[in-house]
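Peer 1:
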Amino acid sequence: MITSSAWRATAVVCCGLALAPRPAAAQSAHRLEFRVIDSVTGAPVPLANVDVTSPARVAAASTRLTTDSVGQFVVGAAEGEQLLISVRRLGFVPAAIRITPTPRDSIFVIALAPSAAVLSPTITRARGATRRLAVMGFDERRRVGLGTFLDSARIADRKPYDLLSLLRPYLHGCTMIFVDGMRLLGLRDVKVQDVLAIEIYDSNLQAPPQFANPIDSRCGSIVVWRRL
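When we follow the working numbering, the leftmost residue of the sequence shown carries the number -9, and every step to the right adds one.
1) Where does residue 37 fall in DSSP's three states?
2) According to DSSP, simplified to helix, strand and coil, what is residue 125?
3) Let me know the secondary structure DSSP gives residue 62 once reduced to three states.
4) State the start and end residues of the unbroken beta strand (DSSP E) segment that holds residue 28.
5) Among residues of its own chain, excluding the 5 on either side of residue 84, which ones have a beta-carbon nearer than 6 Å to its beta-carbon?
6) If we ignore side chains and look at the alpha-carbon of each, how far apart do residue 43 and residue 24 end up?
7) Can you give the Cα-Cα distance for residue 53 and residue 64, rounded to whole angstroms?
8) Quick check: what's the CA-CA separation for residue 166 versus residue 199?
9) Since residue 61 and residue 26 are thought to touch, with beta carbons under 8 Å apart, how far apart are those beta carbons, to the nearest angstrom?
10) Between which two residues does the alpha helix (DSSP H) containing residue 147 stretch?
11) With burial defined as no fewer than 16 other Cβ atoms inside 10 Å of the residue's Cβ, what is the status of residue 56: buried or exposed?
12) First and last residue of the alpha helix (DSSP H) that includes residue 76?
13) Is the beta carbon of residue 180 less than 9 Å from the beta carbon of residue 153?
14) Could you pull the start and end residues of the beta strand (DSSP E) that residue 186 belongs to?
15) Going straight from the alpha carbon of residue 121 to that of residue 197, what length do you get?
16) Out of curiosity, what's the CA-to-CA distance linking residue 69 and residue 31?
17) At the level of alpha carbons, what is the spacing between residue 155 and residue 201?
18) Can you tell me which of the three DSSP states residue 96 falls into?
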């Protein structure tokens, strides 16, 4: 049984279990079996990347393996050969284990400690205008500054009961109403919660041609943009 203190280690190699002796003719090489587990839960760690190198063979390339579905991998070691085992898995602290020469086949357990997920700070910058308003020309007309422009933030600041109460100071007998670019006779069916922005023009001297008042050029126009 592996104690809780052993599970908290970054990497633990234990239980070098001797397997049954083999015939003398086969003693020149040994079978080393490794099992990679989570140091906290004890669950196997599959698909971990394993690099096996031998310090005695400096020029030799390392052997790369992957743990199977039960966290196991097997390597062969020559008689008296040392091995350096490196294990990496996303979500765990990497481990590097040196295996000293063993006179027999053995089983080793490597416990990987989970790594804490640390996210770098992010900064989000928000703009008052939405893409819809930019496409509809609201942003450009507000930049020019001919008229009164209410975006969603300014509408919310006024805390209107409904859209009619918000616009009543700007409504006159000949005021032309546009909703989403189309002429509309009244505002009672438009909910203030659905309004994204409003453009208010006192007369055709301010209003762009598409929102000019065709009845009386001295009368104003109100353009309401809703959220889609």
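For every residue, glycine included, the Cβ atom is placed at its ideal position computed from N, Cα and C.
Peer 2: In this structure, then:
1) Residue 37 falls in the coil class under three-state DSSP.
2) Reduced to three states, the DSSP call for residue 125 is helix.
3) In this structure, residue 62 counts as strand in the three-state DSSP scheme.
4) Boundaries of the beta strand (DSSP E) around residue 28: 19 to 28.
5) 78.
6) Going from the Cα of residue 43 to the Cα of residue 24 covers about 15 Å.
7) One C-alpha to the other measures close to 11 Å.
8) Roughly 13 Å separates the two Cα atoms.
9) Indeed they touch by this definition, with Cβ atoms about 4 Å apart.
10) That run of the alpha helix (DSSP H) goes 142 to 148.
11) By the 16-neighbour rule on beta-carbons within 10 angstroms, residue 56 is exposed.
12) That residue, residue 76, is in no alpha helix (DSSP H); its beta strand (DSSP E) goes 73 to 78.
13) Yes; because the gap between Cβ atoms is below 9 Å, this pair is in contact.
14) The continuous beta strand (DSSP E) containing residue 186 extends over residues 185 to 191.
15) Distance between the alpha carbons of residue 121 and residue 197 is about 22 Å.
16) Residue 69 and residue 31: Cα-Cα distance of roughly 35 Å.
17) Those two C-alpha atoms are separated by around 22 Å.
18) If DSSP states are grouped into helix, strand and coil, residue 96 belongs with the strands.
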